[in-house]
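Protein chains in written order, with the numbering used here: chain A, 465 to 1090; chain B, 1059 to 1215.
One structure is given below, encoded as structure tokens.
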Amino acid sequence: MENKEYDVVIVGSGIAGAIVAKTLTQAGKQVLLLEAGLEAGMAFDADGAYKNYQEYLRSYYLALAKVPNAPYPDVKDAESPNVLDMTQINGKPDTKGYFVQNGPLPFASDYARAAGGTTLHWLGTCLRMLPNDFKMHSRYGQAVDWPIDYEYLKPYYEMAEREIGVSCDVQEQQYPNMGGDFFGKDYVFPMYKIPQSYIDKHFIEGLNGLKVSLNGDVYVPWCTSTPQGRNSTPNEKYRYAGTGWNATKQKLELQPFPKRSEVYEPVGAIWDPYAGQRCEGNASCVPICPVQAKYNALKTLKSAKKEHLTLMSQTVATEIQIDSTTGNITGVAYKQYPQADSKEYVSGVAKGKIYVLAANAIENAKLLLASDACKTSDQVGRNLMDHMVLLTWGLMKEKVFPFRGPGSTTNIPTFRDGDFRKQHAAWISPIDNWGWGWPTGSPDTDLDHAVSTLNLFGNDLKNYLGDLLSRQLLLHFECEQLPEKSNRVTISKKYLDNIGNYRPVIDYNVSDYTKKAFKASKSVSDQIFAGMGVQDFTSYPSNEPDYTTYEGQGYVFRGAGHVVGTHCMGTTAKNSVVNRDQQAWDHKNLFLVGAGNMATLGTSNPTLTLAALSFAAAENVLKALK
Amino acid sequence: MEKTTAGLDNFIAISVPLTGYSRVALLATGMAADYYHAVRRIIGDDRMNDFLSVAADILQYTHGKAPAQEREIRQQLLASLLYGPITRNIIQLWYWGAWLPLPDAWIAKYGKGVKGNENHFISPAAYQQGLIWQVMGSHPEGAKQPGFGSWSIAPLS
Ligand SMILES: Cc1cc2nc3c(=O)[nH]c(=O)nc-3n(C[C@H](O)[C@H](O)[C@H](O)COP(=O)(O)OP(=O)(O)OC[C@H]3O[C@@H](n4cnc5c(N)ncnc54)[C@H](O)[C@@H]3O)c2cc1C
Ligand code: SF4
């Protein structure tokens, strides 16, 4: 392995790494992919993939807390963070889980270090960012502008929507300040929208015409169906077969179907293309879609050109090696463990012309810090962001039958953009389809309460649960967090993992800019609940890990799983880690991909944007290899 | 063998008023024997036999008549320091498929010989057969998927 030089070495087989691997191998480049987790090869082995996945499912069924990482093996040699490890931090670092949490508040999101990465347990919401999200400084005097804008990303968004297989009715998409040509004339998504839930229909009807006051302005909130990376009915008007490299034009482009009669075919499970061709309503997308109707990055990896791809699983990249005179990267040092959880490993160095780090924002930052790389700006590890999710919940007047269908199929986009961003964060409000599961642990906590505290049994129990569980409504207010220098990932020799690699050390807090949005969004929620006759059950107990106060009022926020920032893109080598091409300012043959590049967060879940950026990065790598 | 079958029958019979589901509905979960054996394994033969004989008496004396039966279940089972926690656990087993740890105070007083009292699902099937999903017109999350678009209309039942 050490003797061979590849065109490109990629670290990480999540969606970012898989998109780059697929694009480069299909363009004829030789790629080596290092994956820290188990069994990356399963993308190419139908039987193995099926068996592996059945094991994941079994673990999921047996898990008492069905948290995002519950189904997946937690390998000590490449640990994953777990939301169950997050507790209040009282003065000294919390070292219980994989993260070392310095606080003052714990970082509340996780990710999966396994083949396919975190898309194994993502929800699949695929919203584009809004034009103003790229111009936070010039429009609202907050944070920074990106070195690129919405128009730049637009063609790559289309590639990402093709790759993920996004289901959406384009004409229903109405966002604030989206401009006249947000999607382009005649644009359609590969598949029609995922049907909106029964809850959504009641909610939309209840919200109809309601006026909401916010900071002295009056808004009429509206709902829109949510674009999602899960399979639905193909849209016969969709015309693209896939993304390919045009060597003459030196460009990536969406290539039309060769024949007019061809239509888009939903991409099924990696073990059987006919499984999962439609979302079947398992209602367990987080943490696992049993039929893989939901996109995961193994699907992209599977469509890479196998002959050009060398996969090394159980291989943890530990350091990138730098030529001190040129600044160029000369290799990626790794540790390959033969067995999960063993303390043994074999060391090696992977060599290529170009290196791409795609290990996810926190792991990328860790690798750069461990290598003393990208030092000029002093920005590596800083500006860690996530959506801070304020939840509100109550009982609808009528039965709406939650705990069915994908996690969320409709959202309120009204507060995603507006002049209020000068004062406080914007937010998006998905309507949740899974009852109070997230904040209260329903339905089993309701059962226990009914049996142990309310002393119900028999028909009374049945009737009580039937009524309570059928009326549960949950709203999210996913508030934007701005990039801040002090929210950061660092490393320390004091905190190493099973095979001597660094664990992420995290400093994290919430600023007034976001807290003001908690206050504002809670007020919007109160008005909606009152207007619709929803009985409010929201509570923010002060013993929750991410409990915070603003103007004397307590709030609890939760992590959204959106791990962003840490190697931001910017205009100069002084203010950022990568340039607009996603190339490290300090190392010409190093590209960073993933949500770490994002300069600000906006109100979209980040994966569609990071996928679009990964196509752009792959194009830049191909140009650089010429 | 005889005894086991009689025990299982008693277990199912008392589970009917405890859960509010018919004997046929409980049998249809396919879980009755597994739950019965799980409870027996955890609390031990003696406690299980005692519990079942109290349950059998209640059923026999009240002839399954609602108000009397409910009073007897409350007074003799749910209010009992010994049988209350076991009864509540059996109800929750049927609804959720998982065993809940018996309280510390119970263990201190009655827990000699108790094995495997930790919180656990009896099996993957137990999770999938929980009655709680039917009660809310749904299906276990991650299993028995009802099909494309089913979530956009009210459940049929
Ligand atoms: C519960 C949850 C729900 C979510 N829902 C949504 C959603 O609805 N919409 C959305 O847009 N986003 C969502 N996200 C976020 C989304 O999952 C991530 O943004 C996305 O998966 C990140 O992709 P990535 O390829 O950058 O990183 P990852 O998917 O994390 O992949 C990184 C890969 O690198 C590997 N790796 C890590 N370290 C090393 C190393 N040292 N050496 C070698 N390999 C390494 C890992 O094993 C992994 O395979 C959600 C996240 C969570 C947790
Ligand atoms: S609802 Fe079910 S089938 Fe659909 S994506 Fe989620 S888990 Fe998969």
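Glycine residues also receive a C-beta, built at the ideal position from the N, C-alpha and C atoms.
From which residue to which residue does the alpha helix (DSSP H) around residue i run?
i               : result
R1099 (chain B) : A1090 to I1101
N1084 (chain A) : T1071 to L1089
S985 (chain A)  : D976 to M996
T1036 (chain A) : Neither: T1036 (chain A) is in no alpha helix (DSSP H) and is coded neither H nor E.
M623 (chain A)  : Y614 to I628
K665 (chain A)  : Y662 to L671
T1013 (chain A) : Premise fails: T1013 (chain A) lies in the beta strand (DSSP E), Y1011 to Y1014, not in any alpha helix (DSSP H).
R603 (chain A)  : M600 to Y604
N1147 (chain B) : Y1141 to W1154
Could you check whether the Cβ of residue i sits closer than 8 Å to any heavy atom belonging to ligand 1?
i               : result
N824 (chain A)  : yes
S811 (chain A)  : no
N875 (chain A)  : no
D574 (chain A)  : yes
N965 (chain A)  : yes
P751 (chain A)  : yes
S1068 (chain A) : yes
E827 (chain A)  : yes
G795 (chain A)  : no
Is residue i near ligand 2, with its Cβ less than 8 Å from a heavy atom?
i               : result
N746 (chain A)  : yes
K530 (chain A)  : no
R694 (chain A)  : yes
A757 (chain A)  : yes
P754 (chain A)  : yes
Q1203 (chain B) : yes
G740 (chain A)  : yes
C838 (chain A)  : no
C590 (chain A)  : no
C687 (chain A)  : no
G869 (chain A)  : yes
C1115 (chain A) : Outside the shown range of chain A (465 to 1090) lies residue 1115 (chain A), about which nothing can therefore be said.
G706 (chain A)  : no
G882 (chain A)  : no
G1200 (chain B) : yes
C743 (chain A)  : yes
Around the Cβ of residue i, are there at least 16 other Cβ atoms within 10 angstroms (buried) or fewer (exposed)?
i               : result
R868 (chain A)  : buried
H1031 (chain A) : buried
D511 (chain A)  : exposed
W586 (chain A)  : buried
G629 (chain A)  : buried
Q714 (chain A)  : exposed
K1061 (chain B) : Note that K1061 (chain B) has pLDDT 48, beneath the 50 cutoff, so the model's placement of it is unreliable and the number below is only indicative. When all chains shown are included, K1061 (chain B) counts as exposed.
H1121 (chain B) : exposed
K1123 (chain B) : exposed
R952 (chain A)  : buried
E669 (chain A)  : exposed
Q1017 (chain A) : exposed
D558 (chain A)  : buried
A1064 (chain B) : exposed
Is residue i helix, strand or coil by DSSP?
i               : result
G708 (chain A)  : strand
T559 (chain A)  : coil
K1061 (chain B) : No answer about K1061 (chain B) holds up, because its pLDDT of 48 lies below 50 and its placement is not dependable.
F646 (chain A)  : coil
D787 (chain A)  : coil
P1075 (chain B) : helix
L1065 (chain A) : coil
Q1134 (chain B) : helix
L1117 (chain B) : helix
D609 (chain A)  : strand
Looking at the secondary structure, which residues open and close the beta strand (DSSP E) in which residue i lies?
i               : result
Y536 (chain A)  : Where Y536 (chain A) is concerned, there is no enclosing beta strand (DSSP E), given that its DSSP letter is neither H nor E.
V676 (chain A)  : V676 to L678
Q719 (chain A)  : K715 to P720
Q1017 (chain A) : Q1017 to G1023
With a floor of 3 residues, list each beta strand (DSSP E) that falls wholly inside the segment 837-906 of chain A, ordered by position along the chain.
-> 852-859, 872-876 and 891-896
Which runs of the beta strand (DSSP E) fall wholly inside the segment 470-517 of chain A and span at least 3 residues, in chain order?
-> Given a length threshold of 3 residues, each whole run of the beta strand (DSSP E) inside the segment 470-517 of chain A is given here in chain order: 495-498.
Whole alpha helix (DSSP H) runs in the segment 905-948 of chain A with 4 or more residues, listed along the chain?
-> 908-912 and 922-934
At which residue ranges does the segment 765-814 of chain A contain complete beta strand (DSSP E) runs of 3 or more residues, listed in the order of the chain?
-> 773-776, 779-786 and 793-800
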